[in-house]
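Q: Got a structure for you, questions after.
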Amino acid sequence: MSVVLDSSVVLALYDAGEPDHDSVRTWMGTLDDDLVTTPLTLTELDCVLAARGGEAARHALWSELEAGVYSVRWWADGLSETLALARRYPFAGLVDASLVALSHRLRTNRIATLDHHFRSMTAPGGEDFIVLPADA
Amino acid sequence: MKKTSLYLDRELDEALARRAADEGLTKAELIRRILLGAVQRPPRPRPQAVGIFRSKDGGIARDLERYLAESGFGED
Chain D
1 MSVVLDSSVV LALYDAGEPD HDSVRTWMGT LDDDLVTTPL TLTELDCVLA
51 ARGGEAARHA LWSELEAGVY SVRWWADGLS ETLALARRYP FAGLVDASLV
101 ALSHRLRTNR IATLDHHFRS MTAPGGEDFI VLPADA
Chain Y
1001 MKKTSLYLDR ELDEALARRA ADEGLTKAEL IRRILLGAVQ RPPRPRPQAV
1051 GIFRSKDGGI ARDLERYLAE SGFGED
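Sequence lines, in order, name chains D and Y.
For the first sequence, the working numbering gives the first residue as 1, with consecutive numbering after it.
For the second sequence, the working numbering gives the first residue as 1001, with consecutive numbering after it.
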């Protein structure tokens, strides 16, 4: 099974000063499923980690990507599907829209995020997202 | 190779066809690779960078878009 991965959860995992750090750490420690994200999200995360945790945090992310802790997926229709979703949900930017598109591609309604916007968007089949770790 | 038949629901069958086209493979080859990966793949490694830093102004993870906008993300 796959879980779509938003940058907010990785930031909270790496930053012990984030209020959600403990809940994310506990949840991640028990999760066996694949954590999959998009190139757009990865770019956002790379920049945020560099700004918040410096080069050490950024390089830790790179190492974990190499190790297979997180995986990245993109596909031929990724851009058109992302743009269509960004237009459907004007409050969401391209990064969030790409994650919704990815959920459709992976046929999963499970998303790891701290961003409440995903409560207002629909997963494949018109279902609500299961927002993790809050809904675990 | 041994021939095997299995039933797939239509949505999964279509998704496999799309994925195979994305990757330039036949559907049969994609299914073989997925199955091989499933039986050979080791468990996903656990993250090691947990708590690698501690910010003094935590609390941005829930509203990253706002943080990025206020910090001038994407601007030179």
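Built from N, CA and C at the ideal position, the CB exists for glycine as well.
(1) Three or more beta-carbon pairs under 8 Å between the stretch 84-97 of chain D and the stretch 63-75 of chain D, yes or no?
(2) Tell me the DSSP secondary structure of valine 4/D in three-state form.
(3) Can you tell me whether phenylalanine 1053/Y is helix, strand or coil according to DSSP?
(4) Is DSSP giving serine 71/D helix, strand or coil here?
(5) Use the C-beta contact count for proline 1042/Y: other C-beta atoms within 10 angstroms, 16 or more gives buried, fewer gives exposed.
(6) Would you mind stating whether alanine 57/D and tyrosine 14/D have Cβ atoms separated by less than 7 Å?
(7) If the cut is a Cβ gap below 8 Å, which residues of chain Y does glutamate 18/D touch?
(8) Run through the DSSP bridge pairs and tell me what alanine 101/D is partnered with.
(9) For glutamate 127/D, decide whether its Cβ has a neighbour in chain Y, counting only Cβ atoms nearer than 7 Å.
(10) Look at the alpha carbon of glutamate 1065/Y and the alpha carbon of alanine 51/D, and state the distance between them as a whole number of angstroms.
(11) Enumerate, from N- to C-terminal direction, the unbroken alpha helix (DSSP H) stretches of 4 or more residues contained entirely within the stretch 34-89 of chain D.
(12) Would you report the Cα separation of serine 120/D and threonine 1004/Y, rounded to the nearest angstrom?
(13) Measuring straight from C-alpha to C-alpha, what distance separates glycine 131/D and threonine 113/D?
(14) For glutamate 81/D and chain Y, any beta-carbon pair shorter than 7 Å?
(15) Bridge partners for alanine 122/D per DSSP, in chain order?
(16) Output, in chain order, the set of chain B residues within a Cβ distance shorter than 7 Å of alanine 67/D.
A: Based on what the coordinates show:
(1) Not touching, per the Cβ criterion.
(2) Reduced to three states, the DSSP call for valine 4/D is strand.
(3) Secondary structure at phenylalanine 1053/Y: strand, using DSSP grouped into helix, strand and coil.
(4) Strand at serine 71/D.
(5) Proline 1042/Y is classed as exposed because its beta carbon has fewer than 16 other beta carbons within 10 Å across all chains shown.
(6) Taking C-beta atoms as the reference points, alanine 57/D and tyrosine 14/D count as a pair closer than 7 Å.
(7) Ordered by position in chain Y, the residues that pass the 8 Å Cβ test against glutamate 18/D are Ser1055, Gly1058, Gly1059, Ile1060 and Ala1061.
(8) Its beta-bridge partners do not exist; DSSP assigns none.
(9) Interface flag for glutamate 127/D against chain Y is unset, since no Cβ pair is found closer than 7 Å.
(10) Straight-line Cα distance between these residues: approximately 14 Å.
(11) Listed in chain order, the complete alpha helix (DSSP H) runs (minimum 4 residues) inside the stretch 34-89 of chain D are 39-67 and 78-88.
(12) So the alpha carbons of these two residues sit roughly 43 Å apart.
(13) Contrary to the premise, residue 131/D reads as valine rather than glycine in this sequence. Going by the C-alpha atoms only, they are around 6 Å apart.
(14) By the rule that beta-carbons nearer than 7 Å mark a contact, glutamate 81/D does not touch chain Y.
(15) A quick correction: the sequence has threonine, not alanine, at residue 122/D. Bridge partners of threonine 122/D: Asp128/D.
(16) Any reference to chain B falls outside this structure, whose protein chains are D and Y.
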